[in-house]
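Letter 21 of the sequence shown, counting from 1, is numbered 9 in the working numbering, and no numbers are missing. The beta-carbon is built from N, C-alpha and C at its ideal position, and this holds for glycine as well. Worksheet: the structure to be examined is printed underneath.
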Amino acid sequence: MGVAVSVAMTWADWRLNPNALFRDSEGTHWSVVMETAWSWFAPVSALITVVFAVLFVTLKRVKGLHGGDTRGIRQNSAE
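Written out as structure tokens, the structure reads:
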């Protein structure tokens, strides 16, 4: 997910090319492109990791409170 967001946002910045920061008549400035990609990847990946960790712990606790008993939970079935 972090890679997808990083690629999408870096590509958008490269296409918009504010102040000819990403490319000019000499070509693409790859150091700026990579810096931008990393600046999106690192925080998005960290945030996603924290969110999934919290969800995982929360679901484990909920399951633990019920002792793993899911009889009270309605399940969709093709009966």
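Reference residue i; option with closest CA among the options
{"i": "Leu9", "options": "Val50, Gly(-10), Thr24", "result": "Thr24"}
{"i": "Ser(-6)", "options": "Ala41, Ala30, Asn7, Leu47", "result": "Ala30"}
{"i": "Met(-3)", "options": "Gly15, Asn7, Val21", "result": "Val21"}
{"i": "His17", "options": "Ala41, Asn5, Thr46", "result": "Asn5"}
Whole-angstrom distance between residue j and residue i, CA atom to CA atom
{"i": "Asp1", "j": "Lys51", "result": "44 angstroms"}
{"i": "Arg11", "j": "Thr37", "result": "33 angstroms"}
{"i": "Phe44", "j": "Arg3", "result": "38 angstroms"}
Whole-angstrom C-beta distance between residue j and residue i, which should lie under 8 angstroms
{"i": "Ser33", "j": "Gly(-10)", "result": "3 angstroms"}
N- and C-terminal bounds of the alpha helix (DSSP H) containing residue i
{"i": "Leu4", "result": "-10 to 4"}
Residue-chain proximity (residue i, chain B), Cβ-Cβ < 8 angstroms
{"i": "Ser13", "result": "The structure shown contains no chain B, having only a single protein chain."}
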